[in-house]
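Under this note's numbering, the first residue of the sequence shown carries the number 1, and numbering increases by one thereafter. Backbone N, C-alpha and C fix where the C-beta goes; we use that ideal spot for every residue, glycine too. Bear in mind the structure is a predicted one, so any value in this text is a computation, not a measurement.
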Amino acid sequence: MTDRVDRKPESGKTVVTVHPLVLLSVVDHYNRACKDTKNRAVGVLLGSWKSPTNLDIANSFAVPFEEDSKNDGVWFIDHDFLSNMFAMFRKVNAKERIVGWYHTGPKLRSGDIAINDVMSRFVKHPVLVVIDVVPAAFG
1 MTDRVDRKPE SGKTVVTVHP LVLLSVVDHY NRACKDTKNR AVGVLLGSWK SPTNLDIANS
61 FAVPFEEDSK NDGVWFIDHD FLSNMFAMFR KVNAKERIVG WYHTGPKLRS GDIAINDVMS
121 RFVKHPVLVV IDVVPAAFG
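Right, here's the structure in full:
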């Protein structure tokens, strides 16, 4: 039997639930690291499959990330930090696994495919969630 974390999300069939804590953490990450810049925040999504078609994203953590402003294909993500943080999260909640990654967009960039390839070292089929942290309207 395939490990539940290695399931491949299917377009139109998979429901991805992102908990409010994750959204709050991403906005906080963006505000601390990227506000008033053209940079984007990048981090890891943690969660589990609740059923064959329901991926539950319950937690996240920020990852040190830098990207060349002139060339989207030139970037750096700290693999050691990612591995160490995940090991610490596993001690707190052994059920949560890396299920994917996030960035604050607002659009996809050419380097995202390569970043997704890096994330596939931690989970076979990583999910990418683009979170728009700049509201279009208030209220």
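Spatial neighbours of Arg97 in its chain, beta-carbon cut-off 8 Å, leaving aside the 5 residues before and after: Here residue 97 corresponds to residue number 97 of the sequence shown, with the count starting at 1. Correct list, in chain order: Val5, Leu46, Gly47, Ser48 and Val123.
N-terminal and C-terminal residue of the beta strand (DSSP E) that Arg97 is part of: As a position in the sequence shown, residue 97 is number 97, starting the count at 1. Here the beta strand (DSSP E) through Arg97 covers Arg97 to His103.
Inter-stretch contact at 8 Å, needing at least 3 Cβ pairs: the stretch 69 to 87 / the stretch 19 to 32: no
Glu67 - partner residues in DSSP beta bridges: In the sequence shown, residue 67 corresponds to position 67, counting from 1. Glu67 is bridged to Trp75.
Distance CB(Trp101)-CB(Val15) smaller than 8 Å: As a first step, residue 101 must be located in the sequence shown, where it is residue number 101. As a first step, residue 15 must be located in the sequence shown, where it is residue number 15. Going by C-beta atoms, Trp101 is not nearer than 8 Å to Val15.
Nearest residue (CA-CA) to Val99, options Trp75, Ile77 and Val127: Locating residue 99 in the sequence shown gives position 99, where the first residue counts as 1. It is Val127.
Bridge partners - Ile57, DSSP secondary structure assignment: For the purposes of this step, residue 57 is taken as residue 57 along the sequence shown, with counting starting at 1. Per DSSP, Val18 and Gly47.
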